[in-house]
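Asks: First the structure, which I've put down as C-alpha cells, then a few questions once you've had a look.
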Amino acid sequence: EAGVTQFPSHSVIEKGQTVTLRCDPISGHDNLYWYRRVMGKEIKFLLHFVKESKQDESGMPNNRFLAERTGGTYSTLKVQPAELEDSGVYFCASSQGDRGGWKLFFGSGTQLSVL
Amino acid sequence: GNSVTQMEGPVTLSEEAFLTINCTYTATGYPSLFWYVQYPGEGLQLLLKATKADDKGSNKGFEATYRKETTSFHLEKGSVQVSDSAVYFCALSQLSGGYNKLIFGAGTRLAVHP
Chain A
195 EAGVTQFPSH SVIEKGQTVT LRCDPISGHD NLYWYRRVMG KEIKFLLHFV KESKQDESGM
255 PNNRFLAERT GGTYSTLKVQ PAELEDSGVY FCASSQGDRG GWKLFFGSGT QLSVL
Chain B
3 GNSVTQMEGP VTLSEEAFLT INCTYTATGY PSLFWYVQYP GEGLQLLLKA TKADDKGSNK
63 GFEATYRKET TSFHLEKGSV QVSDSAVYFC ALSQLSGGYN KLIFGAGTRL AVHP
C-alpha cells in the first residue's frame, strides 16, 4: 500500500512568486493534515480536512495560504505571494478514525526555500 | 495553550550507549502522549504512545512513561544502534472541535556513532 506522497520534495522560489504543494494521502483516509516546521523549530499545525471539508484551519498563518482538497482525495497548499518567512518544511499527514485519530502517517515533506 | 518542550539537540552517542531524551508538556485535561521519529529522507512515523498517567509506551527497545506529577514523557533506550540516528519528536493530542489534533515539540536530533 502506498504511503503519503508529497510533491515536490524541494522548491526554491523568489519572494513574491507563487508555489503550490501537493499531497496524496493514503487511500481511504478521510483525515488530512498540513503541518509546517520552520528553522528546526516545532512542527506547527496548519489545518485539518475531513474528506473535502476544512475541519480546522486555525493554524493557517494568513490569507496568502490557500488549501484545497478536491473531492476528498489529494490536497494542495498554495502560497501566493510567497514571503521569506514562509521558508520551511511542509508536512502532510493522513489518518483514519472518526475523531481524527492519533496515528498519523506522514509524507516526507516539501522543503520550501523563499529567496 | 497546550505545548511540548524537548531537550535541544543534537545528542551524540556511541553505539550501545544509554539514551534519554527529555520531554515535558503543558496541557489542560489529560492528553495522550506520543513519540514520533523521522529517519533521514522519510516522513515522521509513530514510535510509541501512552494514553493515561503511569502508562508505559514501548517499541523497538524504546520506552517512555507518562508521568502526570512531573508532566513528563522522557524517551529512553538502554543500548542505541547506529540505525537509531534520526530526529525524535514528542507530541500530545488535544481535542479541537471534537477531533484530535497533535501538538509537537521542536524535535531532538540523535546521532549514533559506531
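Going down the list, the sequences are from chains A and B.
Heads up: the first sequence at position 94 corresponds to 288 in our numbering, and the numbers run straight through without jumps.
Heads up: the second sequence at position 5 corresponds to 7 in our numbering, and the numbers run straight through without jumps.
Glycine included, C-beta positions come from ideal geometry on N, C-alpha and C.
Predicted, not measured: the structure shown is a model, and the values here were computed from it.
Taking C-alpha atoms, which residue in A/Trp-296, A/Ser-205, A/Ala-287 lies nearest to B/Ser-98?
Replies: Considering only alpha carbons, the answer is A/Trp-296.
Asks: Which residues in chain B sit within 8 Å of A/Ser-247, going by Cβ to Cβ distance?
Replies: Going along chain B, no residue has its Cβ under 8 Å from A/Ser-247, so there is no contact; the nearest lies around 11 Å.
Asks: Which chain B residues are close to A/Val-232, counting only those with a beta carbon under 7 Å from its beta carbon?
Replies: Here the premise fails: no neighbours, minimum Cβ distance about 10 Å.
Asks: Which chain B residues sit within Cβ distance under 7 Å of A/Ser-302?
Replies: By Cβ distance, chain B contributes Gly-43, Glu-44, Gly-45.
Asks: Around the C-beta of A/Thr-304, are 16 or more other C-beta atoms found within 10 angstroms, so that it is buried, or is it exposed?
Replies: Result: buried.
Asks: May I have the straight-line CA-CA distance separating A/Glu-251 from A/Leu-241, to the nearest angstrom?
Replies: Spanning the two alpha carbons is a distance of roughly 4 Å.
Asks: With 9 Å as the limit, tell me which residues of the segment 214–241 of chain A have their beta carbon closer than that to any beta carbon of chain B; keep them in chain order.
Replies: So the list reads Asn-225, Tyr-227, Tyr-229, Arg-231, Gly-234, Lys-235, Glu-236, Ile-237, Lys-238, Phe-239, given in the order they occur along the chain.
Asks: Taking B/Thr-110 as part of the beta strand (DSSP E), name the residues at either end of that continuous run.
Replies: That run of the beta strand (DSSP E) goes 110–115.
Asks: In the DSSP output, which residue or residues are listed as bridge partners for B/Trp-37?
Replies: Bridge partners of B/Trp-37: B/Leu-50, B/Cys-92.
Asks: Can you pull the chain B residues whose beta carbon is under 8 Å from the beta carbon of A/Gly-295, in chain order?
Replies: The answer, in chain order, is Asn-102.
Asks: In chain order, what residues of the same chain have a beta carbon less than 8 Å from the beta carbon of B/Ala-93, not counting five sequence neighbours either side?
Replies: Only Val-6, Leu-35, Phe-36, Trp-37, Tyr-38, Leu-104, Ile-105, Phe-106, Gly-107 meet the Cβ criterion.
Asks: Tell me the DSSP bridge mates of B/Asp-56?
Replies: DSSP output for B/Asp-56 lists no bridge partner at all.
Asks: Could you check whether the segment 255–271 of chain A touches the segment 216–225 of chain A, counting it as contact only if at least three pairs of C-beta atoms, one from each stretch, sit closer than 8 Å?
Replies: The segment 255–271 of chain A, when compared against the segment 216–225 of chain A, does touch it at the 8 Å Cβ threshold.
Asks: Rounded to a whole number of angstroms, what is the C-alpha to C-alpha distance between A/Gln-274 and A/Ser-205?
Replies: Their Cα atoms are separated by approximately 14 Å.
Asks: Using the three-state DSSP reduction, which class does A/Val-283 fall into: helix, strand or coil?
Replies: In the structure shown, A/Val-283 sits in a strand (DSSP, three-state: E or B).
Asks: Taking three-plus beta-carbon pairs below 8 Å as touching, is the segment 231–241 of chain A in contact with the segment 20–33 of chain B?
Replies: Too few Cβ pairs lie closer than 8 Å, so no.
Asks: If we define contact as Cβ-Cβ less than 9 Å, is B/Ala-108 a contact residue for chain A?
Replies: So yes, B/Ala-108 belongs to the interface.
Asks: Please tell me whether A/Phe-201 has its Cβ less than 9 Å away from any Cβ of chain B.
Replies: So, not an interface residue.
Asks: Please classify B/Asn-61: is it buried, with 16 or more other beta-carbons within 10 angstroms of its beta-carbon, or exposed?
Replies: Exposed, by the Cβ-count rule.
Asks: Would you check if the segment 55–69 of chain B and the segment 3–18 of chain B touch, i.e. whether three or more CB-CB distances between them fall below 8 Å?
Replies: With a cut-off of 8 Å, the segment 55–69 of chain B and the segment 3–18 of chain B do not count as touching, because too few Cβ pairs lie within range.
Asks: Would you please state the rounded distance, in angstroms, between the beta carbons of B/Tyr-101 and A/Arg-293? I believe it to be under 8 Å.
Replies: Their Cβ separation, rounded to whole angstroms, is 5 Å, which keeps B/Tyr-101 and A/Arg-293 in contact under 8 Å.
Asks: Need the endpoints of the beta strand (DSSP E) that A/His-204 sits in, please.
Replies: Residues 204–207.
Asks: Find the nearest neighbour of B/Leu-1 within the set B/Glu-71, B/Ala-88, B/Leu-15, judged by alpha-carbon distance.
Replies: Past the boundaries of the shown model lies residue 1 of chain B; chain B is included only from 3 to 116, so the question cannot be answered.
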